[in-house]
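Colleague:
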Amino acid sequence: MNYTTPYSPLPTPRLYGNRKALELWELSWEEFTRMPSRKSAEEVVQEERDRLLLEATTKGFITNYSGIRTSSNGKRFYIEDTILWNVLDEQNQYYGQAAFFSTWKFIT
Numbered sequence: 612m613n614y615t616t617p618y619s620p621l622p623t624p625r626l627y628g629n630r631k632a633l634e635l636w637e638l639s640w641e642e643f644t645r646m647p648s649r650k651s652a653e654e655v656v657q658e659e660r661d662r663l664l665l666e667a668t669t670k671g672f673i674t675n676y677s678g679i680r681t682s683s684n685g686k687r688f689y690i691e692d693t694i695l696w697n698v699l700d701e702q703n704q705y706y707g708q709a710a711f712f713s714t715w716k717f718i719t
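For what it's worth, this note's numbering labels the leading residue of the sequence shown as 612, then goes sequentially.
Right, dumping it as structure tokens:
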């Protein structure tokens, strides 16, 4: 299963998540699209997450991103081999970021 979601440096919610993303984060579509992406990672890893988001912003994309994410019910899972890229609007202006991963494992 694959997962893609736009990220934004602004305190904005996600704009898209497929069925597997909704399952992983244990959220409805409405809940998922209202939740800021920063809430998907634990507080202790926010600084590293922010550094990687900035690197992707600067370079246009990054590959081999990995990290721990947390569902809405506190289940932790590790995402691997993630590609993170910038999303541009119709005027070719920076709009946010999107991520794709197809490998994850739950942490017990």
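Cβ coordinates follow ideal geometry from the N, Cα and C atoms, glycine included.
Roughly how many angstroms lie between the CA atoms of ALA652 and ASN684, to the nearest whole one?
Modeller: Along the sequence shown, one-based indexing puts residue 652 at 41. Along the sequence shown, one-based indexing puts residue 684 at 73. In a straight line, the C-alpha of ALA652 is about 13 Å away from that of ASN684.
Colleague: Please classify TRP636 as buried or exposed, where buried requires at least 16 other C-beta atoms within 10 Å of its C-beta.
Modeller: In the sequence shown, the residue the question calls residue 636 occupies position 25. Result: buried.
Colleague: Where ARG630 and MET646 are concerned, what is the direct C-alpha to C-alpha distance, given to the nearest angstrom?
Modeller: To locate residue 630, count along the sequence shown from 1; it is residue 19. To locate residue 646, count along the sequence shown from 1; it is residue 35. The alpha-carbon atoms of ARG630 and MET646 are separated by roughly 16 Å.
Colleague: Do you know offhand how far LYS686's Cα is from PHE717's?
Modeller: Within the sequence shown, numbered from 1, the residue matching residue 686 stands at position 75. Within the sequence shown, numbered from 1, the residue matching residue 717 stands at position 106. For LYS686 and PHE717, the distance between alpha carbons rounds to 8 Å.
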